[in-house]
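Reading the sequence shown from the start, the letters are residues 1 to 569 in my numbering.
To start, the structure under review is shown below, and the notes come after it.
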Amino acid sequence: MGCPTKVDGVTPPALRPTRRPARTLTELRGLLAEAGSLTSADAPSGPVGQARLAGGSAGAIDGDAVLQDVVLQGVTHDSRAVRPGDLYAALPGAHAHGAAFAAAAVAAGAAAVLTDAAGAAMLAGAVTVPVVVTEGPRRDLAQVADWLYGQPSRRLTLLGVTGTNGKTTSAFLVDAGLRAAGQRTGLLGTVETRIGDERLDSVRTTPESADLQALFAVMVERGITAATMEVSSHALAQHRVDGLRFAGALFTNLSQDHLDYHPTMRDYFEAKAKLFEPERSAAAVIGTDPAAGSWGAELAARVPGALTYAPDPSADWWPDDLVMSERGSTFTARGPRGVEVPVRVHLPGRFNVVNALGALALLVTAGVPAEAAAAGIGELTGVPGRMERVERGQPYLALVDYAHTPDAVETVLTSVRGLIDGRLIVVLGCGGDRDRAKRPLMGAAAARLADLAFFANDNPRSEDPADILAQMSAGASRAGTSAAKVTVIPDRAEAIAAAVAEAGPGDAVVIAGKGHERGQEQHGVVAPFDDREVLAAAILAALGGPPGDGAADGGVGGAPGSGSRAVRR
Ligand SMILES: Nc1ncnc2c1ncn2[C@@H]1O[C@H](COP(=O)(O)OP(=O)(O)O)[C@@H](O)[C@H]1O
Ligand SMILES: [Mg+2]
């Protein structure tokens, strides 16, 4: 879970600017030569052809006459997305080398291929277009796309958000602040990609570099002035955001996740820390809540001029006069140089106070007036699947949340505990084919902090769901004697109904792990499943209402009529 978690199974077509770039292959080779990227390895020998001339040594003077005729009008790493005139980047992948699809790319109109030595060897004699060979084509692709599309990110106020938890929420809050300040905004993240008022489903938290640069080019073309993006550790490690220039970057926190990808926590941290290198980000805002561990403080000490935020007066930004309720919180944000601004955030939970504070600090650091930033934050009524209230007239709090790491489960349950007097009931599962180490920890956190816990399937993907549930239960059984009563109900809808059946006045039901997702993936099949709809239907059924119309009206928290509209101060 966490990173490419889109389970709706639909890949939206990659966007391209209508004004297509036109750079020559010779210019491309000049760029790569200057960057020292072109490999000295000669292209495979054999009958002379355009491919071999171009794929030869960096100097290849005899090839230049041919090369100048090749005009590059776009770039992609996906052979299925190739458009005529594209540079096709044939990258080494975990399962296959992109070179295996180069012939298809050329058939679709690719004008040239960028690859590594292994790819070039696979292509020997197989394609009729020039082949450019570099040491690290994945890294080069980001720079090439940035250059080809005319460095679009530099024509936007670009703000980046990284961290284990809170990226999507913080990015939505930042976007709301930018809009309140009169910017025309773009937003890129887990839930959706937004260009002004147009919304597209996101395939992954951070797109591949060529798609990302094309998207920024589209944004510039459509008059977008500022964009906020979630930057995953995978994206940083895989050079997807190389070449981007951020006006400011936010670090929310770091805790265990993705240890299937990063060998150690330090490796994971270093991937995130890359975003804060001065050549990438002009300003840094870093969460240093000690309750979230010490990684933030370590990063802040390393980044010159970084500003910190935490629920603690020793941070540069901190929340004073905090009042929390089921419907959100109010506080006075205190910042550097005596800044003091009242903030209302409609997302419940203490951690969303911290998220709002970080968003505000980033906005102000990037030049947005504090009052406008706070007004925007106050106008955001909710973030899909993040502490999202489901209200069907029931006498207890019902929330859908995307907590899918041990820290998020702990944070959310602790936060909700502070909002209620009654019992805390949680439904939780863990994703298959992802970091296994976090399963017992998530199970333990639920057992330790809830009164009743139902362990249910999340997205088992290719794994046996029973194994995942057993790993969670093993963690829960180590949680101690005061732990919650744990019941395993693999069928997620049944588990949700069982949780609702237990809930009474003053209680809270938290459905954790899948948030905004609209499908459940088991054995390679994605079936429609939306926690919000299933929860609403279960609540109505328990109240004795007509079964099965849970999704009928927009009573989900934050929607008009749910009583959770912003109250401006
Ligand atoms: N500041 C925070 N600290 C700890 N947990 C958080 C924080 N913000 C959000 N969470 C938890 O993490 C989950 C994912 O939040 P989200 O905003 O989608 O972050 P991300 O994009 O980093 O996954 C939320 O549903 C909530 O359970
Ligand atoms: Mg996200």
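The beta carbon of each residue, even a glycine, is placed where N, CA and C say it ideally should be.
Classification of residue i by the beta-carbon crowding that lies within 10 angstroms, buried from 16 upward
{"i": "ARG19", "result": "exposed"}
{"i": "VAL525", "result": "exposed"}
{"i": "LYS485", "result": "exposed"}
{"i": "GLY554", "result": "Because the pLDDT of GLY554 is 39, which lies under 50, any placement of that residue in the model is unreliable, and the number read from its coordinates should be weighed accordingly. Exposed, since its Cβ has fewer than 16 Cβ neighbours within 10 Å."}
{"i": "LEU380", "result": "buried"}
{"i": "ARG448", "result": "buried"}
{"i": "VAL412", "result": "buried"}
{"i": "SER325", "result": "exposed"}
{"i": "HIS404", "result": "buried"}
{"i": "SER294", "result": "exposed"}
{"i": "PRO313", "result": "exposed"}
{"i": "HIS95", "result": "exposed"}
{"i": "ARG386", "result": "buried"}
{"i": "THR115", "result": "buried"}
{"i": "ALA14", "result": "buried"}
{"i": "GLU340", "result": "exposed"}
{"i": "ARG80", "result": "exposed"}
{"i": "THR190", "result": "buried"}
{"i": "GLU279", "result": "exposed"}
{"i": "GLY515", "result": "buried"}
{"i": "THR193", "result": "buried"}
{"i": "ARG337", "result": "exposed"}
{"i": "GLY548", "result": "Here GLY548 scores only 49 on pLDDT, less than 50, and its place in the model should not be relied on; the value that follows carries that caveat. Per the 10 Å Cβ criterion, exposed."}
Cut-off 7 Å between Cβ atoms - residues of its own chain near residue i, not counting five sequence neighbours on either side
{"i": "VAL488", "result": "PHE455, LEU469 and SER473"}
{"i": "ARG423", "result": "ASP451, LEU452 and ASP507"}
{"i": "ASP257", "result": "GLY2, THR164, THR405, ASP435 and LYS438"}
{"i": "SER127", "result": "Note that residue 127 is Val in the sequence shown here, rather than Ser. The answer, listed in chain order, is ALA51, ALA102, ALA103, VAL106 and VAL113."}
{"i": "PRO137", "result": "ALA89, LEU91, LEU114, THR115 and ASP116"}
{"i": "ALA444", "result": "GLY475, ALA476, ARG478 and ALA479"}
{"i": "ALA359", "result": "SER170, LEU173, VAL174, GLY177 and ILE377"}
Identity of the residue in the options nearest residue i by Cα
{"i": "ARG461", "options": "ASP433, ASP467 and LEU441", "result": "ASP433"}
{"i": "VAL323", "options": "SER314, ALA333, ALA315 and SER79", "result": "ALA333"}
{"i": "THR205", "options": "ARG184, LYS167 and GLY196", "result": "LYS167"}
{"i": "GLY182", "options": "THR190, ARG266 and GLU371", "result": "GLU371"}
{"i": "ASP260", "options": "ARG439, GLY109 and PRO313", "result": "ARG439"}
{"i": "ALA483", "options": "ILE425, ASP467 and ILE496", "result": "ILE425"}
{"i": "ALA282", "options": "HIS346, GLY506, GLU192 and PRO304", "result": "PRO304"}
{"i": "GLU208", "options": "GLU279, THR76 and ALA437", "result": "THR76"}
{"i": "ARG23", "options": "THR365, ALA33, GLN73 and SER37", "result": "GLN73"}
{"i": "LYS543", "options": "GLY393, HIS523 and PRO384", "result": "Note on residue identity: the sequence assigns Leu, not Lys, to residue 543. Among GLY393, HIS523 and PRO384, the Cα nearest to that of LEU543 is on GLY393."}
{"i": "ALA291", "options": "LEU347, GLY335, GLY338 and VAL354", "result": "VAL354"}
{"i": "VAL71", "options": "ALA81, ASP78, GLY109 and HIS95", "result": "GLY109"}
{"i": "GLY376", "options": "LEU363, GLY422, GLN522 and GLY385", "result": "LEU363"}
{"i": "LEU159", "options": "ALA102, LEU212 and ALA171", "result": "ALA171"}
{"i": "GLY480", "options": "HIS262, ALA446, VAL509 and ASP467", "result": "ALA446"}
{"i": "PHE276", "options": "ASP267, ARG302, GLY136 and GLY378", "result": "ARG302"}
{"i": "TYR268", "options": "SER232, ALA249, ASP242 and ARG245", "result": "SER232"}
{"i": "ALA374", "options": "PRO384, VAL383 and ALA361", "result": "ALA361"}
{"i": "ALA111", "options": "TYR402, LEU87 and GLY150", "result": "LEU87"}
{"i": "THR39", "options": "ARG199, GLU135 and GLN522", "result": "GLU135"}
{"i": "GLY150", "options": "GLU198, ARG350, LEU244 and LEU357", "result": "LEU244"}
{"i": "PRO348", "options": "ASP316, ILE420, ALA315 and THR365", "result": "ILE420"}
Cutoff 6 Å; reference residue i; Cβ partners in own chain excluding five residues on either side
{"i": "GLY98", "result": "ALA90 and LEU91"}
{"i": "THR581", "result": "Not covered by the structure: residue 581. The range shown for the chain is 1 to 569."}
{"i": "LEU188", "result": "MET229"}
{"i": "ILE286", "result": "PHE251, GLY296, LEU299, ALA300, ALA306 and THR308"}
{"i": "VAL48", "result": "With a pLDDT of only 28 at VAL48, under the threshold of 50, the placement of this residue in the model should not be trusted; the figure read from the coordinates follows. Taken in chain order, the list of residues that qualify is empty."}
{"i": "ASN457", "result": "GLY429, PRO465, PRO490 and ARG492"}
{"i": "GLY163", "result": "PHE251, THR252 and ASN253"}
{"i": "VAL427", "result": "PHE454, ALA456, ALA495, ILE496, ALA499 and ILE511"}
{"i": "PHE216", "result": "PRO152 and SER153"}
{"i": "LYS274", "result": "LEU236"}
Neighbourhood of residue i by C-beta, 8 Å cutoff - its chain only, sequence neighbours within 5 removed
{"i": "LEU31", "result": "GLN143, VAL144 and TRP147"}
{"i": "MET219", "result": "PRO152, LEU156, GLY186, ILE195 and ALA227"}
{"i": "GLU221", "result": "PRO17, THR18 and ARG19"}
{"i": "ALA35", "result": "ASP140 and GLN143"}
C-beta neighbour in chain D for residue i, strict 9 Å
{"i": "ALA145", "result": "You won't find chain D in this structure, because it holds only one protein chain."}
Residue i: CB within 8 Å of a non-hydrogen atom of ligand 3
{"i": "GLU494", "result": "As for ligand 3, it is missing from this structure, which binds only ligand 1 and ligand 2."}
Item to check | Neighbouring residues (CB closer than 6 Å to any heavy atom of ligand 2) | outcome: LYS167, THR168, GLY189, THR190, THR205 and GLU230
Checklist entry - Considering only residues of the stretch 410-492, which uninterrupted beta strand (DSSP E) runs meet the minimum length of 3 residues and lie entirely inside it, listed in chain order? => result 424-428, 452-455 and 485-488
Checklist entry - Which runs of the beta strand (DSSP E) spanning at least 3 residues fall entirely within the stretch 188-230, listed in chain order? => result 192-195, 198-201 and 226-230
Item to check | Secondary structure, beta strand (DSSP E): runs of 3+ residues fully inside the stretch 74-149 | outcome: 74-76, 86-90, 112-115 and 131-133
Next on the checklist: I'd like the ranges of any alpha helix (DSSP H) spanning at least 4 consecutive residues and lying wholly in the stretch 231-310.
Outcome noted: 233-237, 265-273 and 295-302
Item to check | Segments of 4+ residues assigned as alpha helix (DSSP H) that fall wholly inside the stretch 163-192 | outcome: 167-180
Next on the checklist: Which complete alpha helix (DSSP H) runs does the stretch 346-410 hold, if anything under 4 residues is left out?
Outcome noted: 350-365 and 370-379
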